[in-house]
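In numbering that gives the first Met the number 0, the protein residues as written are 0 to 521. Note that the Cβ used here is the ideal one computed from N, Cα and C, for glycine as well.
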Amino acid sequence: MRSTIQKYAKNVLCLDATYKTTDYALPLFLLVVPTPVGYVTVGAFIVQFETAEHIEEALRKFKEWCPDLNPKYWMVDCNLAEMNAITATFPQAHIAICDFHREQAWERWCSRRENNIDKPQVLALLRKIARALTEEDYEAALHDLQTSSYWQDSEQLRQYFSRQWLPLKHCWVKCFLTDLQISTNNGTEAQNRKLKECYLKNCSGRRSLAGLVDVLTNQFFPDCEKEFHLATVSSTSEYRMFHSSVPSYLHNRPPAVIKHVMQRLHHAAAFSAHDVKATAEHGLFIVQSETSQEETYSVNFTVPSCGCRDFIRHQLPCKHFCAVFNHQKDWGFDSLPEGYRSGPLLTLATGPSPGEAAADSPNHSTTMDAAPGHSGAEESGDQSAPFPGAAPESFCELPRHQKDGMGHKRRQILSGLEKCKSIVHYCNSVESLEKALELVNELSSVLQEGTPACSGLSLRSSPTKGCSGQKKRKLESTPHVATQKLQRYTHPNKEHWRTKGRVGARADSLRQAYTMPQNQVQ
(Lines of atoms letter the chains of each structure in order from A and count residues from 1; the text may use other names and numbers.)
(Lines give C-alpha, C1' and ligand atoms only; values in the text may rest on other atoms or scores of the structure.)
Protein backbone atom coordinates (compact mmCIF):
# COMPACT_ATOMS: atom_id res chain seq x y z
CA MET A 1 0.00 0.00 0.00
CA ARG A 2 2.92 2.35 0.61
CA SER A 3 3.87 2.38 -3.08
CA THR A 4 0.24 3.14 -4.01
CA ILE A 5 0.20 6.09 -1.61
CA GLN A 6 3.50 7.42 -2.91
CA LYS A 7 2.34 7.36 -6.54
CA TYR A 8 -1.35 8.21 -6.48
CA ALA A 9 -1.89 10.25 -3.30
CA LYS A 10 0.06 13.28 -4.49
CA ASN A 11 -2.98 15.08 -5.90
CA VAL A 12 -5.93 14.02 -3.76
CA LEU A 13 -6.70 11.68 -0.89
CA CYS A 14 -10.25 10.93 0.25
CA LEU A 15 -11.24 10.67 3.90
CA ASP A 16 -14.67 9.42 4.90
CA ALA A 17 -16.28 7.92 7.99
CA THR A 18 -18.66 4.98 8.05
CA TYR A 19 -20.79 3.75 10.89
CA LYS A 20 -22.54 0.59 12.16
CA THR A 21 -19.52 -1.61 11.49
CA THR A 22 -19.50 -2.95 15.07
CA ASP A 23 -21.89 -3.22 18.00
CA TYR A 24 -20.28 -0.10 19.44
CA ALA A 25 -20.71 3.56 18.56
CA LEU A 26 -17.26 3.81 16.99
CA PRO A 27 -16.81 5.52 13.61
CA LEU A 28 -14.47 3.84 11.14
CA PHE A 29 -12.49 6.19 8.88
CA LEU A 30 -11.17 4.99 5.52
CA LEU A 31 -8.38 6.63 3.54
CA VAL A 32 -9.04 6.02 -0.15
CA VAL A 33 -6.85 6.90 -3.14
CA PRO A 34 -8.30 7.37 -6.65
CA THR A 35 -6.21 5.49 -9.22
CA PRO A 36 -6.60 5.06 -12.99
CA VAL A 37 -8.14 1.61 -12.43
CA GLY A 38 -10.47 2.52 -9.55
CA TYR A 39 -10.48 3.57 -5.92
CA VAL A 40 -8.16 1.76 -3.50
CA THR A 41 -8.39 1.81 0.29
CA VAL A 42 -4.90 2.41 1.68
CA GLY A 43 -5.61 2.97 5.38
CA ALA A 44 -8.18 2.97 8.14
CA PHE A 45 -8.47 4.07 11.73
CA ILE A 46 -11.06 3.92 14.50
CA VAL A 47 -11.67 6.68 17.04
CA GLN A 48 -13.82 6.72 20.12
CA PHE A 49 -15.14 10.22 19.49
CA GLU A 50 -15.47 11.96 16.13
CA THR A 51 -13.65 15.11 17.19
CA ALA A 52 -10.88 17.08 15.52
CA GLU A 53 -8.46 16.13 18.30
CA HIS A 54 -8.93 12.38 17.89
CA ILE A 55 -8.89 12.50 14.08
CA GLU A 56 -5.74 14.63 14.14
CA GLU A 57 -3.99 12.11 16.39
CA ALA A 58 -4.75 9.30 13.94
CA LEU A 59 -3.64 11.35 10.91
CA ARG A 60 -0.36 12.22 12.62
CA LYS A 61 0.27 8.53 13.15
CA PHE A 62 -0.20 7.93 9.41
CA LYS A 63 2.16 10.81 8.70
CA GLU A 64 4.80 9.20 10.92
CA TRP A 65 4.46 5.84 9.18
CA CYS A 66 4.49 7.38 5.70
CA PRO A 67 6.56 10.60 5.65
CA ASP A 68 5.87 10.99 1.91
CA LEU A 69 2.14 11.35 2.57
CA ASN A 70 1.49 14.96 1.58
CA PRO A 71 -1.45 15.22 -0.85
CA LYS A 72 -2.28 18.58 -2.35
CA TYR A 73 -6.00 18.07 -1.74
CA TRP A 74 -8.03 16.22 0.86
CA MET A 75 -11.58 15.44 -0.22
CA VAL A 76 -14.08 15.21 2.63
CA ASP A 77 -17.73 15.76 3.43
CA CYS A 78 -18.78 19.08 4.90
CA ASN A 79 -17.46 18.03 8.32
CA LEU A 80 -15.66 20.71 10.33
CA ALA A 81 -13.99 18.17 12.63
CA GLU A 82 -12.33 16.44 9.67
CA MET A 83 -11.36 19.76 8.07
CA ASN A 84 -9.76 21.11 11.25
CA ALA A 85 -7.86 17.88 11.84
CA ILE A 86 -6.48 17.84 8.29
CA THR A 87 -5.50 21.52 8.43
CA ALA A 88 -3.63 20.97 11.71
CA THR A 89 -1.80 17.87 10.42
CA PHE A 90 -1.16 18.97 6.82
CA PRO A 91 -0.98 22.80 6.84
CA GLN A 92 0.00 22.99 3.15
CA ALA A 93 -2.92 20.87 1.94
CA HIS A 94 -6.17 22.23 0.54
CA ILE A 95 -9.60 21.00 1.58
CA ALA A 96 -12.09 20.00 -1.13
CA ILE A 97 -15.74 19.31 -0.32
CA CYS A 98 -17.32 16.47 -2.28
CA ASP A 99 -19.76 17.74 -4.93
CA PHE A 100 -22.25 14.99 -4.18
CA HIS A 101 -22.50 15.81 -0.49
CA ARG A 102 -22.65 19.54 -1.24
CA GLU A 103 -25.53 19.00 -3.66
CA GLN A 104 -27.20 16.69 -1.18
CA ALA A 105 -26.96 19.28 1.59
CA TRP A 106 -28.38 22.01 -0.67
CA GLU A 107 -31.28 19.87 -1.84
CA ARG A 108 -32.18 18.82 1.67
CA TRP A 109 -32.15 22.41 2.92
CA CYS A 110 -34.18 23.68 -0.03
CA SER A 111 -36.74 20.89 0.44
CA ARG A 112 -37.64 21.88 3.98
CA ARG A 113 -41.04 23.49 4.26
CA GLU A 114 -39.97 26.00 6.90
CA ASN A 115 -37.46 27.56 4.48
CA ASN A 116 -40.26 28.31 1.97
CA ILE A 117 -38.18 28.98 -1.15
CA ASP A 118 -38.36 28.15 -4.85
CA LYS A 119 -36.12 25.08 -4.89
CA PRO A 120 -35.31 24.80 -8.65
CA GLN A 121 -34.48 28.49 -9.05
CA VAL A 122 -32.34 28.74 -5.91
CA LEU A 123 -30.45 25.54 -6.75
CA ALA A 124 -29.72 26.90 -10.23
CA LEU A 125 -28.20 30.06 -8.72
CA LEU A 126 -26.14 28.08 -6.22
CA ARG A 127 -24.86 25.67 -8.87
CA LYS A 128 -23.82 28.57 -11.05
CA ILE A 129 -21.56 29.75 -8.24
CA ALA A 130 -20.11 26.28 -7.69
CA ARG A 131 -19.28 25.82 -11.40
CA ALA A 132 -17.53 29.16 -11.88
CA LEU A 133 -14.18 28.52 -13.61
CA THR A 134 -12.72 31.97 -12.96
CA GLU A 135 -12.91 34.39 -10.05
CA GLU A 136 -14.70 36.87 -12.32
CA ASP A 137 -17.36 34.26 -13.05
CA TYR A 138 -17.60 33.54 -9.33
CA GLU A 139 -18.13 37.20 -8.44
CA ALA A 140 -20.74 37.56 -11.19
CA ALA A 141 -22.62 34.43 -10.08
CA LEU A 142 -22.53 35.54 -6.44
CA HIS A 143 -23.85 38.97 -7.46
CA ASP A 144 -26.72 37.31 -9.35
CA LEU A 145 -27.68 35.37 -6.23
CA GLN A 146 -27.46 38.33 -3.86
CA THR A 147 -29.49 40.60 -6.15
CA SER A 148 -32.21 38.02 -6.77
CA SER A 149 -35.61 38.25 -5.14
CA TYR A 150 -35.09 34.85 -3.49
CA TRP A 151 -32.09 36.19 -1.57
CA GLN A 152 -33.70 39.47 -0.57
CA ASP A 153 -37.00 37.89 0.50
CA SER A 154 -35.55 35.00 2.50
CA GLU A 155 -33.67 35.66 5.72
CA GLN A 156 -33.13 31.90 6.12
CA LEU A 157 -31.32 31.69 2.76
CA ARG A 158 -29.07 34.63 3.60
CA GLN A 159 -28.14 33.20 6.99
CA TYR A 160 -27.63 29.66 5.69
CA PHE A 161 -25.44 30.53 2.72
CA SER A 162 -23.48 33.36 4.37
CA ARG A 163 -22.60 31.43 7.51
CA GLN A 164 -22.16 27.87 6.27
CA TRP A 165 -20.94 28.04 2.66
CA LEU A 166 -19.40 31.41 1.85
CA PRO A 167 -16.60 31.05 4.45
CA LEU A 168 -15.70 27.73 2.76
CA LYS A 169 -15.81 28.97 -0.83
CA HIS A 170 -12.24 27.81 -1.49
CA CYS A 171 -13.37 24.25 -0.75
CA TRP A 172 -16.19 23.89 -3.29
CA VAL A 173 -16.00 26.57 -6.03
CA LYS A 174 -14.29 25.25 -9.20
CA CYS A 175 -12.11 28.30 -9.78
CA PHE A 176 -10.30 27.64 -6.48
CA LEU A 177 -9.83 23.92 -7.26
CA THR A 178 -8.35 24.19 -10.74
CA ASP A 179 -6.11 21.09 -10.74
CA LEU A 180 -8.27 18.80 -8.61
CA GLN A 181 -8.57 15.50 -10.49
CA ILE A 182 -11.89 14.32 -9.04
CA SER A 183 -15.06 16.08 -7.95
CA THR A 184 -16.76 13.47 -5.74
CA ASN A 185 -15.69 10.77 -3.31
CA ASN A 186 -18.39 8.33 -4.39
CA GLY A 187 -15.64 5.75 -4.80
CA THR A 188 -15.09 6.01 -1.05
CA GLU A 189 -18.78 5.35 -0.46
CA ALA A 190 -18.46 2.28 -2.68
CA GLN A 191 -15.56 1.04 -0.54
CA ASN A 192 -17.67 1.49 2.59
CA ARG A 193 -20.52 -0.48 1.03
CA LYS A 194 -18.13 -3.19 -0.15
CA LEU A 195 -16.73 -3.60 3.37
CA LYS A 196 -20.17 -3.90 4.95
CA GLU A 197 -21.86 -6.11 2.36
CA CYS A 198 -19.01 -8.42 1.36
CA TYR A 199 -17.00 -8.74 4.58
CA LEU A 200 -19.04 -7.75 7.63
CA LYS A 201 -22.50 -8.92 6.59
CA ASN A 202 -21.65 -12.63 6.86
CA CYS A 203 -19.98 -12.33 10.26
CA SER A 204 -21.85 -14.46 12.77
CA GLY A 205 -22.59 -13.44 16.35
CA ARG A 206 -21.76 -10.09 17.86
CA ARG A 207 -19.72 -7.70 15.75
CA SER A 208 -16.83 -6.95 18.07
CA LEU A 209 -14.08 -4.40 17.63
CA ALA A 210 -11.46 -7.17 17.51
CA GLY A 211 -13.44 -8.89 14.77
CA LEU A 212 -13.57 -5.70 12.70
CA VAL A 213 -9.81 -5.18 13.02
CA ASP A 214 -9.23 -8.81 12.06
CA VAL A 215 -11.44 -8.52 8.97
CA LEU A 216 -9.69 -5.32 7.88
CA THR A 217 -6.12 -6.54 8.31
CA ASN A 218 -6.50 -10.14 7.15
CA GLN A 219 -9.21 -9.92 4.50
CA PHE A 220 -10.25 -6.46 3.33
CA PHE A 221 -6.87 -4.80 2.79
CA PRO A 222 -5.18 -7.84 1.15
CA ASP A 223 -8.16 -8.26 -1.18
CA CYS A 224 -8.10 -4.56 -2.11
CA GLU A 225 -4.43 -4.77 -3.00
CA LYS A 226 -4.93 -7.96 -5.04
CA GLU A 227 -7.84 -6.45 -6.97
CA PHE A 228 -5.82 -3.31 -7.67
CA HIS A 229 -2.83 -5.20 -9.07
CA LEU A 230 -5.09 -7.54 -11.06
CA ALA A 231 -6.87 -4.58 -12.66
CA THR A 232 -3.50 -3.01 -13.43
CA VAL A 233 -2.03 -6.12 -15.04
CA SER A 234 -5.18 -6.75 -17.08
CA SER A 235 -4.73 -3.33 -18.73
CA THR A 236 -1.23 -4.06 -20.08
CA SER A 237 -0.07 -5.63 -23.33
CA GLU A 238 1.00 -8.74 -21.43
CA TYR A 239 -2.66 -9.53 -20.80
CA ARG A 240 -4.50 -8.06 -23.79
CA MET A 241 -4.00 -7.01 -27.40
CA PHE A 242 -4.62 -3.44 -28.46
CA HIS A 243 -6.64 -2.57 -31.54
CA SER A 244 -4.68 -1.42 -34.56
CA SER A 245 -6.41 1.97 -34.42
CA VAL A 246 -4.94 2.70 -30.97
CA PRO A 247 -1.66 4.65 -31.33
CA SER A 248 1.43 3.05 -29.85
CA TYR A 249 1.88 5.88 -27.34
CA LEU A 250 -1.41 4.84 -25.73
CA HIS A 251 -0.37 1.24 -25.20
CA ASN A 252 -0.02 0.18 -21.56
CA ARG A 253 -1.96 3.23 -20.44
CA PRO A 254 -5.00 3.22 -18.12
CA PRO A 255 -8.21 2.26 -19.96
CA ALA A 256 -9.85 5.56 -19.03
CA VAL A 257 -6.93 7.48 -20.57
CA ILE A 258 -7.08 5.44 -23.79
CA LYS A 259 -10.81 6.04 -24.13
CA HIS A 260 -10.42 9.74 -23.36
CA VAL A 261 -7.65 10.41 -25.88
CA MET A 262 -9.26 8.28 -28.61
CA GLN A 263 -12.47 10.31 -28.33
CA ARG A 264 -10.49 13.56 -28.54
CA LEU A 265 -8.58 12.30 -31.57
CA HIS A 266 -11.92 11.62 -33.25
CA HIS A 267 -13.11 15.18 -32.50
CA ALA A 268 -9.76 16.64 -33.60
CA ALA A 269 -10.33 15.32 -37.13
CA ALA A 270 -12.59 18.34 -37.70
CA PHE A 271 -9.62 20.73 -37.38
CA SER A 272 -7.57 21.68 -40.43
CA ALA A 273 -3.94 22.74 -40.64
CA HIS A 274 -5.04 26.39 -40.85
CA ASP A 275 -6.70 26.09 -37.43
CA VAL A 276 -3.38 25.31 -35.71
CA LYS A 277 -0.78 28.09 -35.62
CA ALA A 278 2.63 28.05 -33.98
CA THR A 279 3.84 31.07 -32.02
CA ALA A 280 7.28 32.51 -31.47
CA GLU A 281 7.39 30.91 -28.04
CA HIS A 282 8.72 27.37 -28.02
CA GLY A 283 5.97 24.80 -27.46
CA LEU A 284 3.07 27.28 -27.57
CA PHE A 285 0.32 26.98 -30.19
CA ILE A 286 -2.91 28.81 -30.92
CA VAL A 287 -5.83 26.59 -31.93
CA GLN A 288 -8.96 28.07 -33.48
CA SER A 289 -12.22 27.27 -31.73
CA GLU A 290 -14.44 24.81 -33.56
CA THR A 291 -17.63 26.72 -32.74
CA SER A 292 -16.55 30.38 -32.86
CA GLN A 293 -14.19 32.15 -35.26
CA GLU A 294 -13.45 34.81 -32.65
CA GLU A 295 -12.36 32.38 -29.93
CA THR A 296 -8.98 30.65 -29.72
CA TYR A 297 -7.22 28.40 -27.24
CA SER A 298 -3.58 28.48 -26.13
CA VAL A 299 -1.99 25.02 -26.07
CA ASN A 300 1.27 24.88 -24.12
CA PHE A 301 3.56 21.85 -24.32
CA THR A 302 6.20 23.14 -21.89
CA VAL A 303 3.78 23.11 -18.97
CA PRO A 304 0.88 21.06 -20.39
CA SER A 305 -2.12 23.34 -20.33
CA CYS A 306 -5.06 24.46 -22.41
CA GLY A 307 -7.74 27.04 -21.73
CA CYS A 308 -10.67 24.75 -22.58
CA ARG A 309 -12.92 23.30 -19.91
CA ASP A 310 -12.10 19.75 -20.94
CA PHE A 311 -8.42 20.06 -20.02
CA ILE A 312 -9.16 22.05 -16.87
CA ARG A 313 -11.49 19.31 -15.68
CA HIS A 314 -9.56 16.16 -16.62
CA GLN A 315 -5.93 17.38 -16.95
CA LEU A 316 -5.61 15.03 -19.94
CA PRO A 317 -4.88 15.83 -23.62
CA CYS A 318 -7.94 17.56 -25.09
CA LYS A 319 -9.02 17.84 -28.73
CA HIS A 320 -6.88 20.97 -29.15
CA PHE A 321 -3.78 19.02 -28.11
CA CYS A 322 -4.82 16.25 -30.51
CA ALA A 323 -5.20 18.83 -33.29
CA VAL A 324 -1.57 19.82 -32.72
CA PHE A 325 -0.59 16.14 -32.76
CA ASN A 326 -2.24 15.74 -36.18
CA HIS A 327 -0.95 18.87 -37.93
CA GLN A 328 2.46 19.55 -36.34
CA LYS A 329 4.87 16.75 -37.24
CA ASP A 330 7.49 17.73 -34.68
CA TRP A 331 4.98 18.03 -31.86
CA GLY A 332 3.32 14.78 -30.88
CA PHE A 333 2.44 13.00 -27.68
CA ASP A 334 6.11 12.24 -27.03
CA SER A 335 6.81 16.00 -27.03
CA LEU A 336 4.97 16.38 -23.75
CA PRO A 337 7.23 16.58 -20.67
CA GLU A 338 8.49 13.28 -19.34
CA GLY A 339 7.16 14.09 -15.88
CA TYR A 340 3.66 14.49 -17.31
CA ARG A 341 3.77 11.37 -19.52
CA SER A 342 5.06 9.20 -16.68
CA GLY A 343 2.87 10.80 -14.04
CA PRO A 344 0.15 9.00 -12.10
CA LEU A 345 -2.60 10.23 -14.44
CA LEU A 346 -1.17 8.59 -17.55
CA THR A 347 0.60 5.49 -16.29
CA LEU A 348 -0.30 2.21 -14.67
CA ALA A 349 1.15 1.16 -11.35
CA THR A 350 4.08 -1.23 -11.34
CA GLY A 351 4.94 -3.71 -8.64
CA PRO A 352 6.75 -2.36 -5.56
CA SER A 353 10.49 -2.68 -5.44
CA PRO A 354 12.04 -5.00 -2.83
CA GLY A 355 12.65 -2.01 -0.57
CA GLU A 356 9.06 -0.87 -0.91
CA ALA A 357 7.78 -4.39 -0.33
CA ALA A 358 9.79 -4.60 2.86
CA ALA A 359 8.49 -1.21 3.92
CA ASP A 360 4.93 -2.38 3.34
CA SER A 361 5.35 -5.53 5.39
CA PRO A 362 3.58 -5.78 8.76
CA ASN A 363 6.93 -5.91 10.56
CA HIS A 364 7.74 -2.44 9.32
CA SER A 365 4.41 -0.67 9.72
CA THR A 366 0.66 -1.15 9.50
CA THR A 367 -2.28 0.81 8.23
CA MET A 368 -4.44 0.15 11.28
CA ASP A 369 -4.47 2.20 14.44
CA ALA A 370 -6.32 1.59 17.65
CA ALA A 371 -8.55 4.22 19.12
CA PRO A 372 -6.51 7.40 19.68
CA GLY A 373 -5.55 7.83 23.27
CA HIS A 374 -4.57 4.14 23.60
CA SER A 375 -1.43 4.00 21.49
CA GLY A 376 0.35 1.33 23.57
CA ALA A 377 3.82 1.28 25.06
CA GLU A 378 6.78 3.49 24.27
CA GLU A 379 9.28 2.88 21.50
CA SER A 380 11.36 -0.24 21.65
CA GLY A 381 14.16 -1.53 19.54
CA ASP A 382 12.41 -4.80 18.70
CA GLN A 383 11.76 -4.85 14.95
CA SER A 384 9.11 -7.54 15.37
CA ALA A 385 6.65 -5.12 16.96
CA PRO A 386 3.66 -4.80 14.62
CA PHE A 387 3.19 -1.11 15.44
CA PRO A 388 5.99 1.46 15.37
CA GLY A 389 6.77 2.59 18.88
CA ALA A 390 4.91 -0.27 20.58
CA ALA A 391 6.27 -3.11 22.69
CA PRO A 392 5.67 -6.58 21.22
CA GLU A 393 4.31 -7.94 24.50
CA SER A 394 1.44 -5.42 24.41
CA PHE A 395 -0.12 -7.20 21.43
CA CYS A 396 -1.56 -10.67 21.04
CA GLU A 397 -2.59 -12.73 18.05
CA LEU A 398 -6.29 -12.20 17.34
CA PRO A 399 -8.36 -15.28 16.49
CA ARG A 400 -9.63 -15.42 12.94
CA HIS A 401 -13.24 -14.36 12.67
CA GLN A 402 -15.53 -17.20 11.59
CA LYS A 403 -17.06 -16.27 8.26
CA ASP A 404 -18.55 -19.49 6.90
CA GLY A 405 -21.31 -21.30 8.81
CA MET A 406 -22.39 -24.93 8.71
CA GLY A 407 -24.72 -24.32 5.78
CA HIS A 408 -21.84 -23.05 3.66
CA LYS A 409 -19.66 -26.02 4.66
CA ARG A 410 -22.45 -28.46 3.78
CA ARG A 411 -22.82 -26.89 0.34
CA GLN A 412 -19.08 -27.17 -0.24
CA ILE A 413 -19.09 -30.87 0.72
CA LEU A 414 -22.09 -31.66 -1.48
CA SER A 415 -20.47 -29.80 -4.37
CA GLY A 416 -17.31 -31.88 -3.93
CA LEU A 417 -19.32 -35.10 -3.82
CA GLU A 418 -21.12 -34.16 -7.02
CA LYS A 419 -17.77 -33.60 -8.67
CA CYS A 420 -16.52 -37.00 -7.50
CA LYS A 421 -19.72 -38.62 -8.75
CA SER A 422 -19.11 -37.30 -12.27
CA ILE A 423 -15.41 -38.25 -12.29
CA VAL A 424 -15.75 -41.82 -10.98
CA HIS A 425 -17.20 -43.05 -14.29
CA TYR A 426 -14.02 -42.04 -16.15
CA CYS A 427 -11.45 -43.44 -13.72
CA ASN A 428 -9.65 -46.51 -15.18
CA SER A 429 -7.18 -47.15 -12.35
CA VAL A 430 -8.12 -49.89 -9.86
CA GLU A 431 -5.63 -48.54 -7.32
CA SER A 432 -7.16 -45.07 -7.51
CA LEU A 433 -10.66 -46.51 -7.06
CA GLU A 434 -9.59 -48.55 -4.03
CA LYS A 435 -7.91 -45.51 -2.46
CA ALA A 436 -10.97 -43.38 -3.17
CA LEU A 437 -13.19 -46.04 -1.56
CA GLU A 438 -11.09 -45.91 1.61
CA LEU A 439 -11.40 -42.13 1.69
CA VAL A 440 -15.17 -42.36 1.20
CA ASN A 441 -15.48 -44.77 4.13
CA GLU A 442 -13.31 -42.49 6.25
CA LEU A 443 -15.42 -39.49 5.24
CA SER A 444 -18.59 -41.36 6.19
CA SER A 445 -17.13 -42.18 9.60
CA VAL A 446 -16.10 -38.57 10.22
CA LEU A 447 -19.56 -37.28 9.37
CA GLN A 448 -21.20 -39.99 11.51
CA GLU A 449 -19.11 -38.95 14.52
CA GLY A 450 -20.38 -35.38 14.25
CA THR A 451 -24.03 -36.40 13.91
CA PRO A 452 -26.11 -36.45 17.14
CA ALA A 453 -27.76 -39.85 17.73
CA CYS A 454 -29.96 -41.62 20.23
CA SER A 455 -29.92 -45.44 20.51
CA GLY A 456 -28.05 -45.62 17.23
CA LEU A 457 -30.58 -43.48 15.37
CA SER A 458 -29.57 -40.09 13.98
CA LEU A 459 -31.45 -37.10 15.37
CA ARG A 460 -32.78 -34.22 13.36
CA SER A 461 -31.04 -30.89 13.93
CA SER A 462 -34.36 -29.00 13.61
CA PRO A 463 -37.91 -29.95 14.69
CA THR A 464 -40.45 -31.26 12.23
CA LYS A 465 -42.83 -28.75 10.75
CA GLY A 466 -46.07 -28.63 12.67
CA CYS A 467 -44.67 -30.13 15.88
CA SER A 468 -45.20 -28.63 19.31
CA GLY A 469 -41.80 -26.95 19.21
CA GLN A 470 -42.99 -24.47 16.60
CA LYS A 471 -45.69 -21.88 16.84
CA LYS A 472 -48.91 -23.09 15.26
CA ARG A 473 -50.44 -20.98 12.58
CA LYS A 474 -53.75 -19.47 13.44
CA LEU A 475 -55.62 -19.90 10.21
CA GLU A 476 -58.74 -18.31 11.61
CA SER A 477 -56.84 -15.03 12.12
CA THR A 478 -55.96 -14.79 8.43
CA PRO A 479 -58.64 -12.97 6.48
CA HIS A 480 -59.94 -14.63 3.35
CA VAL A 481 -59.12 -11.59 1.23
CA ALA A 482 -55.41 -12.14 1.89
CA THR A 483 -55.50 -15.30 -0.22
CA GLN A 484 -56.60 -13.31 -3.24
CA LYS A 485 -54.03 -11.78 -5.55
CA LEU A 486 -54.57 -8.04 -5.53
CA GLN A 487 -53.50 -5.76 -8.37
CA ARG A 488 -50.49 -3.69 -7.47
CA TYR A 489 -51.08 0.04 -7.37
CA THR A 490 -48.30 2.38 -8.38
CA HIS A 491 -48.58 6.01 -7.39
CA PRO A 492 -48.15 8.28 -10.43
CA ASN A 493 -45.71 10.55 -8.53
CA LYS A 494 -43.53 7.75 -7.18
CA GLU A 495 -39.84 8.37 -7.90
CA HIS A 496 -38.23 6.14 -10.52
CA TRP A 497 -35.55 3.77 -9.28
CA ARG A 498 -33.00 5.24 -11.70
CA THR A 499 -33.22 8.65 -10.02
CA LYS A 500 -33.64 7.55 -6.42
CA GLY A 501 -30.84 8.80 -4.20
CA ARG A 502 -29.23 10.96 -6.90
CA VAL A 503 -28.64 14.70 -6.62
CA GLY A 504 -27.49 17.43 -8.98
CA ALA A 505 -28.56 18.94 -12.28
CA ARG A 506 -28.31 15.64 -14.17
CA ALA A 507 -30.50 13.97 -11.58
CA ASP A 508 -33.10 16.71 -12.01
CA SER A 509 -33.18 16.21 -15.78
CA LEU A 510 -33.57 12.44 -15.32
CA ARG A 511 -36.45 12.95 -12.89
CA GLN A 512 -38.16 15.21 -15.38
CA ALA A 513 -37.76 12.57 -18.09
CA TYR A 514 -39.12 9.75 -15.93
CA THR A 515 -42.01 11.73 -14.41
CA MET A 516 -45.37 11.09 -16.07
CA PRO A 517 -47.71 14.10 -16.28
CA GLN A 518 -50.96 13.78 -14.38
CA ASN A 519 -53.11 14.21 -17.49
CA GLN A 520 -51.51 11.07 -18.99
CA VAL A 521 -52.29 8.86 -16.01
CA GLN A 522 -55.29 6.67 -16.74
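For glycine 338, does the three-state DSSP call read helix, strand or coil?
In the three-state reduction of the DSSP assignment, glycine 338 falls in the helix class, which pools H, G and I.
Which two residues bound the contiguous beta strand (DSSP E) that contains tyrosine 137?
Careful: tyrosine 137 lies outside any beta strand (DSSP E), inside the alpha helix (DSSP H) at 134-145.
Out of curiosity, what's the CA-to-CA distance linking glutamate 55 and cysteine 170?
Rounded to whole angstroms, the separation of the alpha carbons of cysteine 170 and glutamate 55 is 19 Å.
In terms of residues, what are the limits of the alpha helix (DSSP H) holding glycine 221?
The sequence shown places proline at residue 221, not glycine. Here the alpha helix (DSSP H) through proline 221 covers 220-232.
Spell out a yes or no on whether the region 110-119 and the region 70-83 are touching, meaning 3 or more CB-CB pairs, one atom from each, closer than 8 Å.
No, because fewer than three Cβ pairs between the region 110-119 and the region 70-83 fall closer than 8 Å, the two stretches do not touch.
From Phe220, Met261, Arg312 and Leu344, pick the residue whose C-alpha is nearest to that of alanine 322; which is it?
If we check each option's Cα against that of alanine 322, Met261 comes out closest.
State the Cα-Cα distance for the pair alanine 95 and serine 297, rounded to the nearest angstrom.
Taking the straight line from one Cα to the other gives about 28 Å.
Assign proline 253 to one of two classes, buried (16 or more other C-beta atoms within 10 Å of its C-beta) or exposed (fewer than that).
Classification for proline 253: buried.
Kindly indicate the opening and closing residues of the alpha helix (DSSP H) around isoleucine 311.
308-313 is the extent of the alpha helix (DSSP H) around isoleucine 311.
Contiguous beta strand (DSSP E) assignments of at least 3 residues, all confined to the region 80-132:
93-96, all fully within the region 80-132.
Count Cβ pairs between the region 335-348 and the region 5-24 that sit closer than 8 Å; are there 3 or more?
Because the criterion of three Cβ pairs below 8 Å is met, the region 335-348 and the region 5-24 touch.
Can you give me the C-alpha to C-alpha distance between leucine 215 and serine 148, rounded to a whole angstrom?
Rounded to the nearest angstrom, the gap between the Cα atoms of leucine 215 and serine 148 is 52 Å.
Quick one: any contact between the region 53-69 and the region 33-40, if contact means 3 or more CB pairs under 8 Å?
Contact between the region 53-69 and the region 33-40 is absent, because fewer than three Cβ pairs lie under 8 Å.
Can you tell me the Cβ-Cβ gap for serine 247 and arginine 239, rounded? I've got them flagged as a contact below 8 Å.
Their Cβ separation, rounded to whole angstroms, is 15 Å, which puts serine 247 and arginine 239 out of contact at 8 Å.
Drop a sphere of 10 angstroms on the beta-carbon of alanine 279, count the other beta-carbons inside from all chains shown, and report buried for 16 or more, exposed for fewer.
The residue in question, alanine 279, is exposed, as its Cβ has fewer than 16 Cβ neighbours within 10 Å.
Closest Cα partner of leucine 144 within the set Thr133, Val286 and Arg157:
Of the residues Thr133, Val286 and Arg157, the one whose Cα lies closest to the Cα of leucine 144 is Arg157.
Locate the alpha helix (DSSP H) running through serine 2, then write down its first and last residues.
Unbroken alpha helix (DSSP H) run through serine 2: 1-7.
Sequence-distant residues of its chain with Cβ nearer than 8 Å to aspartate 178 (five each side left out)
Counting only Cβ-Cβ distances below 8 Å, and skipping sequence neighbours, we find Asn10, Lys71 and Gln314.
Residues near arginine 59 by beta carbon distance below 8 Å, same chain, minus five either side:
Closer than 8 Å at the Cβ level, and outside the excluded window around arginine 59, lie Thr88.
Report, in whole angstroms, the separation of the C-beta atoms of valine 286 and valine 275, which I expect to be a contact under 8 Å.
Yes, valine 286 and valine 275 are in contact; Cβ-Cβ is about 6 Å, under 8 Å.
Going by C-alpha to C-alpha distance, which of Glu49, Phe332 and Asn69 sits closest to arginine 1?
Closest option to arginine 1, Cα to Cα, is Asn69.
Beta strand (DSSP E) segment containing methionine 74, residue limits:
Here the beta strand (DSSP E) through methionine 74 covers 72-75.
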